[in-house]
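When the count follows our numbering, it moves up by one through the sequence shown with no breaks and lands on 201 for the last residue. Quick reminder that beta carbons are idealized off the backbone N, C-alpha and C, glycines included. These numbers were taken from a predicted model, which means no experiment stands behind them. Data first, discussion second: the structure below is written as structure tokens.
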Amino acid sequence: GDSTFFHSGIPGLINAVHNQNNILVMILDNRSTSMTGFQDNPGTGIKITKEIGTKVNIEDLVMGCGVSPENLWVEDSNNLLEMIEKLEKAVKADGVRVFISRHTCSLVEANEFKVKQIVPPTVKVDPEKCKGCLICINKFGCPSILFDENEKIAIIEQDTCRGCKVCIDVCIHDAIYTEEE
Numbered sequence: 021g022d023s024t025f026f027h028s029g030i031p032g033l034i035n036a037v038h039n040q041n042n043i044l045v046m047i048l049d050n051r052s053t054s055m056t057g058f059q060d061n062p063g064t065g066i067k068i069t070k071e072i073g074t075k076v077n078i079e080d081l082v083m084g085c086g087v088s089p090e091n092l093w094v095e096d097s098n099n100l101l102e103m104i105e106k107l108e109k110a111v112k113a114d115g116v117r118v119f120i121s122r123h124t125c126s127l128v129e130a131n132e133f134k135v136k137q138i139v140p141p142t143v144k145v146d147p148e149k150c151k152g153c154l155i156c157i158n159k160f161g162c163p164s165i166l167f168d169e170n171e172k173i174a175i176i177e178q179d180t181c182r183g184c185k186v187c188i189d190v191c192i193h194d195a196i197y198t199e200e201e
């Protein structure tokens, strides 16, 4: 992730550039140090004291390590289709390539929504369109998508859904939608 890249990934990237390796480095930028308690990191611009600090731009840092701009891709990980398209280009390219998948951690985002009193979008499954194919469950793996054994359709557990809407792109039957649509 972004925090691990700041902590220990930079020397490896410099070494890959120096040795002209053919490598794709993925940085999963969720704007948090999620594995140890959601602390801020240099990419958030928030100091340990919660005061505003200097925000370190990962893209600038990557290019400062010697990665060329044409070998650097950045995409919002919630824009699934666009991310896949850019990732395919990154995989096919040569040299040292860096792909940054960026979106605030959904747990951090949910907390921000709560503080700002923002209601996340309500995501639902249209029972008429759902074919019970299980792609949304088996291929995507969101813990908020469950399978109703009686109805043989997917359902979304509203108490745990964060409203990211990625599942909408995953469903091949256009059965998943937001309530405002």
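| task | Jot down the residue ranges of each uninterrupted alpha helix (DSSP H) in the region 64-89, minimum 4 residues, whole runs only, in chain order. | result | 78-84
| Endpoints, beta strand (DSSP E) assigned at A174 | I173 to I176
| Opposing strand residues paired with L92 [DSSP bridges] | V118
| task | Can you have a look at V135 and say buried or exposed, based on whether 16 or more other CB atoms are within 10 angstroms of its CB? | result | exposed
| request: Determine the contact status of G86 and V45, defining contact as a CB-CB distance below 8 angstroms. | output: no
| said: Extract the residue ranges of the alpha helix (DSSP H) inside the region 122-172, only unbroken runs of 4 or more that lie entirely within it. | reply: 126-136
| For the putative contact between F119 and P62, defined by C-beta atoms under 8 angstroms, what is the C-beta separation to the nearest angstrom? | Not confirmed; about 20 angstroms, so no contact.
| Other residues of its chain near P147: CB distance less than 7 angstroms, five sequence neighbours each side excluded | E171 and I173
| task | Whole angstroms is fine: what's the gap from G183's alpha carbon to D96's? | result | 15 angstroms
| Just the Cα atoms here: how many angstroms apart are T74 and R51? | 14 angstroms
| Excluding sequence positions up to five away, which residues of its chain have a Cβ less than 6 angstroms from the Cβ of I188? | I196
| request: Can you tell me which of the three DSSP states I192 falls into? | output: coil
| query | Out of curiosity, what's the CA-to-CA distance linking N39 and S88? | reply | 15 angstroms
| request: Just the C-alpha distance for V82 and T124, rounded to the nearest angstrom, thanks. | output: 20 angstroms
| field | Rounded separation between I155 and V190 - CA only | value | 8 angstroms
| query | Do you know how far the Cα of R122 is from the Cα of D32? | reply | The residue asked about is misnamed: residue 32 is Gly in this sequence, not Asp. Straight-line Cα distance between these residues: approximately 21 angstroms.
| message | Distance check for K144 and Q137, CA to CA, integer angstroms please. | response | 21 angstroms
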